[in-house]
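The UniProt record's numbering numbers the first residue of the sequence shown as 1 and each following residue consecutively.
Shown next, in structure tokens, is the structure this report addresses.
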Amino acid sequence: MPSSPCAPEEVRRVACVGAGVIGGGWVAHFLARGYDVTAWDPAPDAEEKLRRLVAAAWPALTQIGLADGASPDRLTVAATVEEAVADAQFVQESAPEKLELKRSLLAQLDAAAPPGVVIASSTSGYPMTDMQTEAADPGRLVVGHPFNPPYLIPLVEVVGGEKTDAAAVEWASRFYEVAGKSVITMERELPGFIANRLQEALWREALHMVANGEATVKEIDDSITEGPGLRWAFMGPCLTFALAGGEGGMGHMLDHFGPSLKSPWTRLEAPELDDTLRAAMVDGCDEAAGSRTIAQLVAERDQGVIDVLRATGRLPRQRAEGTDAIAHTPSTMGDEK
């Protein structure tokens, strides 16, 4: 991979290719952080939906604190992929999760983007090794996996493929930090990465319980929001379990509760997603939502995330000179409001 045209701190223009829920969330995030954003999506109504998504996200982003000069007006929707990435200093790809599509699109982006510009994929599970096979310069392709919605959830997992240059991974990780994200730079590829694998285990067990009539959708959701989810907002499962060992910590916890690992508490294989289970999940969620619309639920979720971030002191903060705070605006911008 040739040297990147600029340092992560110097990026001014970002290209977002794919403007669905994840891609549109990235657009909103980058706009709020003060970048100029060029987006592209093949859907005929993509621009209308994207601008609507950004408008819906903007009140939440305003609460968090916008970069000086941040504005939805800094969004440009391009007519072609080539136009979208022509002057990009970083590219975020968020196409649907189809391997052949990812391969061909990443190769297309590689051919069109300026030399040395890092291209990241929002894939939620594919290893970059499997996606970079058709690119002429696979060294600049990395995974940049966010959590939904990308404009609020800080996490992004960064990892390269077998042909990715280590410098590209380092550059992408630093760029995401500059752009206000909390970054896990993985040392090796793992299908589904870290967070999705943990989330998927919980999800599969939930499906099993519904399929077997052991718990309702509401009971499952309440068991998390009223239980371990409250701890997970600021302390991960490993450290939480260590505290269950009292003064003996994780060692005592494992000695005391280790035998329960042999108990039939989980079924890690996914159940058959037949029509009955699908209907139970859909009906259960409809019942849980009540009269609230999707838009209302999204607003409720966003406000909840903001409240948790505020309560735990993790709202994005300006990176003061000489400090190691995570987030700051592009250097042409002023202080955040």
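For every residue, glycine included, the Cβ atom is placed at its ideal position computed from N, Cα and C.
As the structure is a prediction and not an experimental result, all values here were calculated from the model.
Residues bridged to W40 (per DSSP)
The count along the sequence shown starts at 1 and reaches residue 40 at position 40. Paired residue(s): V17.
query = What does I119 pair with, by DSSP beta-bridge criteria?
reply = Locating residue 119 in the sequence shown gives position 119, where the first residue counts as 1. For I119, which the question treats as bridged, DSSP gives the partners V91 and L141.
Quick one, are the C-beta atoms of L50 and V77 less than 8 Å apart? Residue mapping note: residue 50 aligns to position 50 of the sequence shown, counting from 1. Residue mapping note: residue 77 aligns to position 77 of the sequence shown, counting from 1. Contact flag set, yes.
- Message: Does G213 pass the burial test, meaning 16 or more other C-beta atoms within 10 Å, or should it be called exposed?
- Response: Against the sequence shown, residue 213 aligns to sequence position 213. When all chains shown are included, G213 counts as exposed.
*Per DSSP, the bridge partner or partners of S182*: In the sequence shown, the residue the question calls residue 182 occupies position 182. The partner list for S182 (beta bridge, DSSP) reads L155.
Assuming G144 contacts Q92 (C-beta within less than 8 Å), just tell me the rounded distance between them. Translated into the one-based positions of the sequence shown, residue 144 becomes position 144. Translated into the one-based positions of the sequence shown, residue 92 becomes position 92. Contact holds; Cβ gap of about 6 Å.
Are the CB atoms of I111 and V142 nearer to each other than 8 Å? By one-based count along the sequence shown, residue 111 stands at place 111. By one-based count along the sequence shown, residue 142 stands at place 142. Correcting the residue type first, residue 111 is Ala in the shown sequence and not Ile. At least 8 Å separates the beta-carbon of A111 from that of V142.
State the DSSP-derived secondary structure class of V11, mapped to helix, strand or coil.
By one-based count along the sequence shown, residue 11 stands at place 11. Under the three-state reduction of DSSP, V11 is assigned to coil, being neither helix nor strand.
Which residue marks the beginning of the alpha helix (DSSP H) containing L268, and which one marks its end? Against the sequence shown, residue 268 aligns to sequence position 268. For L268, no alpha helix (DSSP H) encloses it, and the DSSP letter there is neither H nor E.
Separation of V159 from F90, as counted between CA atoms = Residue numbering aside, residue 90 sits at position 90 when the sequence shown is read from its first letter. Residue numbering aside, residue 159 sits at position 159 when the sequence shown is read from its first letter. In a straight line, the C-alpha of F90 is about 16 Å away from that of V159.
Item to complete: Report all residues from its chain with a CB closer than 6 Å to the CB of A28; omit the five preceding and five following residues, and keep chain order.
Response: Locating residue 28 in the sequence shown gives position 28, where the first residue counts as 1. Around A28: V54, A57 and Y151.
Between which residues of its own chain and L309 is the CB-CB distance below 7 Å, once the five residues before and five after are set aside? By one-based count along the sequence shown, residue 309 stands at place 309. Within the same chain, L315 come within 7 Å of L309 by CB-CB distance, once the 5 residues on both sides are set aside.
*Do you know how far the Cα of E10 is from the Cα of I184?*
As a first step, residue 184 is located in the sequence shown; it is residue number 184 there, counting from the start. As a first step, residue 10 is located in the sequence shown; it is residue number 10 there, counting from the start. Using only the alpha carbons, I get a separation of about 22 Å.
Note to self: Just to confirm, is the Cβ distance from W40 to P146 under 8 Å?
What the structure shows: The residue you call residue 40 lines up with position 40 of the sequence shown. The residue you call residue 146 lines up with position 146 of the sequence shown. In this structure, W40 keeps its C-beta atom at 8 Å or more from the C-beta atom of P146.
Problem - Distance between beta carbons of A288 and V217, contact taken as under 8 Å - result: The residue given as residue 217 occupies position 217 in the sequence shown. The residue given as residue 288 occupies position 288 in the sequence shown. With 8 Å as the limit, V217 and A288 qualify as a contact, their Cβ atoms being about 6 Å apart.
Exercise for review: Check T133 in the structure and name its three-state DSSP category.
Suggested key: Counted from its first residue, the sequence shown places residue 133 at position 133. If DSSP states are grouped into helix, strand and coil, T133 belongs with coil.
Straight-line gap, Q197 to R292 (C-alpha atoms, nearest Å) = Here residue 197 is taken as the residue at index 197 of the sequence shown, counted from 1. Here residue 292 is taken as the residue at index 292 of the sequence shown, counted from 1. The sequence given here has Arg at residue 197, not Gln. So the alpha carbons of these two residues sit roughly 30 Å apart.
- Of the listed residues P115, L101 and A113, nearest to M131 (C-alpha basis): Counting from 1 along the sequence shown, the entry for residue 131 is found at position 131. Checking every option, the nearest Cα to that of M131 belongs to L101.
Nearest-angstrom Cα separation, counted from R301 out to P8
On the sequence shown, position 8 is the one that residue 8 refers to. On the sequence shown, position 301 is the one that residue 301 refers to. Approximately 31 Å between the Cα atoms of the pair.
Requested in this report: Check whether the Cβ of E162 lies closer than 7 Å to any heavy atom of the ligand SAM, and answer yes or no.
Outcome: This structure simply doesn't include the ligand SAM, nor any ligand for that matter.
Q. Sorted by chain position, which residues of the same chain lie with C-beta nearer than 6 Å to V156's C-beta, five sequence neighbours on each side aside?
A. Reading the sequence shown from its first residue, position 156 is the one you call residue 156. So the qualifying residues of the chain are G144, P146, Y176, K181 and V183.
Grouping DSSP H, G and I as helix and E and B as strand, with all else coil, what is T80? Working through the sequence shown from its first residue, we reach residue 80 at position 80. Three-state result, T80: coil.
Where G34 sits in the DSSP three-state scheme: To locate residue 34, count along the sequence shown from 1; it is residue 34. In the structure shown, G34 adopts coil according to DSSP, grouped into three states.
ask   = Buried or exposed: I294, going by 16 or more other Cβ atoms within 10 Å of its Cβ?
value = Counted from its first residue, the sequence shown places residue 294 at position 294. With fewer than 16 other Cβ atoms from the protein chains shown falling within 10 Å of its own Cβ, I294 counts as exposed.
ask   = Cβ of L31 within 8 Å of Cβ of L75?
value = The count along the sequence shown starts at 1 and reaches residue 31 at position 31. The count along the sequence shown starts at 1 and reaches residue 75 at position 75. Between L31 and L75, the CB-CB gap stays under 8 Å.
From the DSSP output, in three-state form, read off P5 for me.
One-based indexing of the sequence shown puts residue 5 at position 5. If DSSP states are grouped into helix, strand and coil, P5 belongs with coil.
Handout entry: Same chain, Cβ closer than 7 Å to L268, neighbours up to 5 away in sequence not counted
Key = Along the sequence shown, read from residue 1 onward, the residue named residue 268 stands at position 268. Answer for L268: A201 and R204, listed in chain order.
Span separating the alpha-carbon of W171 from that of V118: Locating residue 171 in the sequence shown gives position 171, where the first residue counts as 1. Locating residue 118 in the sequence shown gives position 118, where the first residue counts as 1. Straight-line Cα distance between these residues: approximately 8 Å.
Would you call G34 buried or exposed, if buried means 16 or more other Cβ atoms sit within 10 Å of its Cβ?
As a working mapping, residue 34 is identified with position 34 in the sequence shown. Buried is the call here.
Note to self: I need the DSSP call for P150, collapsed to helix, strand or coil.
What the structure shows: Here the question's residue 150 lines up with position 150 in the sequence shown. Here P150 sits in coil by DSSP.
| field | Boundaries (first-last residue) of the alpha helix (DSSP H) holding R197 | value | In the sequence shown, the residue the question calls residue 197 occupies position 197. Residues A195 to A211.
ask   = If you run the structure through DSSP and keep just helix, strand and coil, what is L75?
value = Sequence index remark: in the sequence shown, residue 75 carries index 75 (1-based). Shown here, L75 sits in a strand according to DSSP, grouped into three states.
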